[in-house]
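Protein chains: 2
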Amino acid sequence: MNITEETIAGWEQNYRRSFINSLAGFRQVALIGTYNKSGMSNLAIFNSLVHLGANPALYGLISRPDTVPRDTYTNIVETGEYSINYVRSIDADRAHQTSARYEHNVSEFDVVGFDEQKIAPYNAPFIADAIVKIAMKFETKIDIKINGTIMIIGSLQYIHIDKKIVREDGMVDLCAADTLISSGLDAYYSSNLIARYGYAKPDTWPIKKK
Amino acid sequence: MNITEETIAGWEQNYRRSFINSLAGFRQVALIGTYNKSGMSNLAIFNSLVHLGANPALYGLISRPDTVPRDTYTNIVETGEYSINYVRSIDADRAHQTSARYEHNVSEFDVVGFDEQKIAPYNAPFIADAIVKIAMKFETKIDIKINGTIMIIGSLQYIHIDKKIVREDGMVDLCAADTLISSGLDAYYSSNLIARYGYAKPDTWPIKKK
Chain A
22 MNITEETIAG WEQNYRRSFI NSLAGFRQVA LIGTYNKSGM SNLAIFNSLV
72 HLGANPALYG LISRPDTVPR DTYTNIVETG EYSINYVRSI DADRAHQTSA
122 RYEHNVSEFD VVGFDEQKIA PYNAPFIADA IVKIAMKFET KIDIKINGTI
172 MIIGSLQYIH IDKKIVREDG MVDLCAADTL ISSGLDAYYS SNLIARYGYA
222 KPDTWPIKKK
Chain B
22 MNITEETIAG WEQNYRRSFI NSLAGFRQVA LIGTYNKSGM SNLAIFNSLV
72 HLGANPALYG LISRPDTVPR DTYTNIVETG EYSINYVRSI DADRAHQTSA
122 RYEHNVSEFD VVGFDEQKIA PYNAPFIADA IVKIAMKFET KIDIKINGTI
172 MIIGSLQYIH IDKKIVREDG MVDLCAADTL ISSGLDAYYS SNLIARYGYA
222 KPDTWPIKKK
């Protein structure tokens, strides 16, 4: 099947959105917790978490003007804080349900049924039984002018994680925790480990770790 | 296990890099094919493919100054084109091996053993038996000043894909093709479908598709 730029431009809008979004591949499901100015909690699903650097530890998130989590963007800019939460594959339905357009006076924590947790001194709500909970500080935003999207950049302030899934060399084994993965707008997955390899060198073939 | 910003800053560099990179979760393995000005091919592994929008269809890639695929960045800017290739989970070792620092007079296609394919009129090399082959046109770059990284933004010009993995609504079923996923610097995975859901609405619970 050969598809050109002209084919893509001619597709019906929902077909195109589903195709181009899912074609971008597998990505981490990140549930972003925020408070608004009145202290009302919000929880929204993102599949655009980007690792930007380890020192300082910075992650990005893409916020598209045409998608639901605009409340998230507003809350992040207004409070300067947010949480990143990863859940298990059995939580796929609840995670997906956070993408529904609920009214502003409703917290997605309540309606989809994730218990909300406060972790002092961070000003963002966390999912109590998340596998990974990260407190983020909003650092800056970048306007991606070519299509009006925004990259939200934050620094990692605090991480809560079960030490059983942190390997000796620092690698976080999210597969062992059965972390939820997504693709496109509505498909959810779990993972199977194929292999870990040593640092690649020109004169040797990858050696499997562990 | 509770980790603060100070804990992270105090970690040994390799441990920190491994932890923060793998903590960012699962992501698509994208093998980026380019030519340099002399027509020499290059193939490099990226795990930072970002969906930016469907109309026009735009994907981003993060290029970090301290990582191997700098040749890729140079080639993209100089030729204005690149390819994105997805491979199967059984190709994990070859995909990982493209991250070795080969000399400039060596093509990663040759040394790791992926057959190189030209697809006219696109000026980038493709992996002949890739599950997904995308020809990209370089559109713009964004300097992420906070840590000196760069986002390379390109538009999708051409896609080659087996129509058997494209669902009726446009969703590309990469799981059915056993597409390779990664996490962190050296861990590779395949996927299991948990569920696809309908568009989420406030008054209904997610309904499984198919």
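Chains as they are written, first to last, in the numbering used here: chain A, 22 to 231; chain B, 22 to 231. All C-beta atoms, glycine included, are put in the ideal place defined by N, C-alpha and C.
Asked                                                                                                                                   : Found
Length of the line joining the Cα atoms of residue 143 of chain B and residue 102 of chain B                                            : 8 Å
Cβ of residue 55 of chain B within 8 Å of any chain A Cβ                                                                                : no
Span separating the alpha-carbon of residue 115 of chain B from that of residue 126 of chain B                                          : 19 Å
Residues of its chain near residue 132 of chain A, where Cβ-Cβ distance is below 7 Å and the 5 sequence neighbours each way are ignored : 123
Where the segment 125-153 of chain B meets chain A: residues whose CB sits under 8 Å from a CB there                                    : 127, 132, 153
Proximal chain A residues relative to residue 58 of chain B, where beta-carbon distance stays under 8 Å                                 : Per Cβ cutoff of 8 Å: no residues; residue 58 of chain B is ~23 Å from chain A at best.
Integer Cβ distance of residue 161 of chain B from residue 174 of chain B, believed to fall under 8 Å                                   : 5 Å
Other residues of its chain near residue 205 of chain B: CB distance less than 7 Å, five sequence neighbours each side excluded         : 39, 42, 43
Chain B within 8 Å of residue 114 of chain A, Cβ atoms only                                                                             : yes
Assumed close pair residue 37 of chain B, residue 68 of chain B - CB separation to whole angstroms, cut-off 8 Å                         : Not quite, the Cβ-Cβ distance comes to about 17 Å (not below 8 Å), so this is no contact.
Short-range partners of chain A found in the segment 202-217 of chain B, where Cβ spacing is below 7 Å                                  : 202, 204, 205, 207, 208, 209, 210, 211, 212, 213, 214, 215, 216, 217
Chain-ordered neighbours of residue 84 of chain B on chain A, where CB pairs are closer than 9 Å                                        : Under the 9 Å cutoff, chain A gives no residues; its nearest Cβ is about 11 Å from residue 84 of chain B.
Whole-angstrom C-beta distance between residue 135 of chain B and residue 148 of chain B, which should lie under 8 Å                    : 5 Å
Whole-angstrom distance between residue 35 of chain A and residue 189 of chain B, CA atom to CA atom                                    : 11 Å
Reduced DSSP secondary structure (H/G/I, E/B, other) of residue 173 of chain A                                                          : strand
8 Å contact criterion, which residue 177 of chain A and residue 186 of chain A should meet: CB distance rounded                         : Not a contact, Cβ separation roughly 17 Å.
Chain B contact for residue 184 of chain A (CB, 8 Å cutoff)                                                                             : yes
Neighbourhood of residue 119 of chain A by C-beta distance below 6 Å, restricted to the same chain and skipping five residues each side : 64, 65, 66, 129, 133
Min CB distance residue 22 of chain A to chain B below 8 Å                                                                              : yes
Classification of residue 50 of chain B by the beta-carbon crowding that lies within 10 angstroms, buried from 16 upward                : buried
For residue 154 of chain B: DSSP bridge partner residues                                                                                : B/106, B/181
Residue 210 of chain B (DSSP reduced to helix, strand or coil)                                                                          : strand
Residues of the segment 169-182 of chain B with Cβ closer than 9 Å to any Cβ of chain A, in chain order                                 : 169, 170, 172, 174, 176, 177, 178, 179, 180, 181, 182
Proximal chain B residues relative to residue 103 of chain A, where beta-carbon distance stays under 7 Å                                : Ordered by position in chain B, no residue passes the 7 Å Cβ test against residue 103 of chain A, which lies about 15 Å from the chain.
Rounded straight-line distance, which links the Cα of residue 59 of chain B to that of residue 207 of chain A                           : 43 Å
Whole-angstrom distance between residue 145 of chain A and residue 108 of chain A, CA atom to CA atom                                   : 17 Å
Beta-carbon spacing of residue 62 of chain B, residue 137 of chain B below 8 Å                                                          : yes
Test: residue 100 of chain B CB closer than 8 Å to a CB of chain A                                                                      : no
CA nearest to the CA of residue 229 of chain A, picked from B/151, B/200, B/197, B/209                                                  : B/209
Interface partners of residue 52 of chain B on chain A, CB under 8 Å                                                                    : By Cβ distance, chain A contributes nothing, its closest Cβ being about 12 Å from residue 52 of chain B, past 8 Å.
Nearest-angstrom beta carbon gap, residue 84 of chain A and residue 154 of chain A [assumed within contact, 8 Å]                        : About 21 Å separates the two Cβ atoms, so there is no contact after all.
Contact set between residue 43 of chain B and chain A, taken where Cβ atoms lie within less than 7 Å                                    : 192, 193
Contact under 8 Å by Cβ, residue 55 of chain B with residue 100 of chain B                                                              : yes
Proximity test, Cβ basis, 8 Å: residue 31 of chain A and chain B                                                                        : no
Residue(s) in a DSSP beta bridge with residue 115 of chain A                                                                            : DSSP, once it has assigned bridges, lists no residue as partnering residue 115 of chain A.
Short Cβ contact (8 Å threshold) for residue 181 of chain A with residue 23 of chain B                                                  : yes
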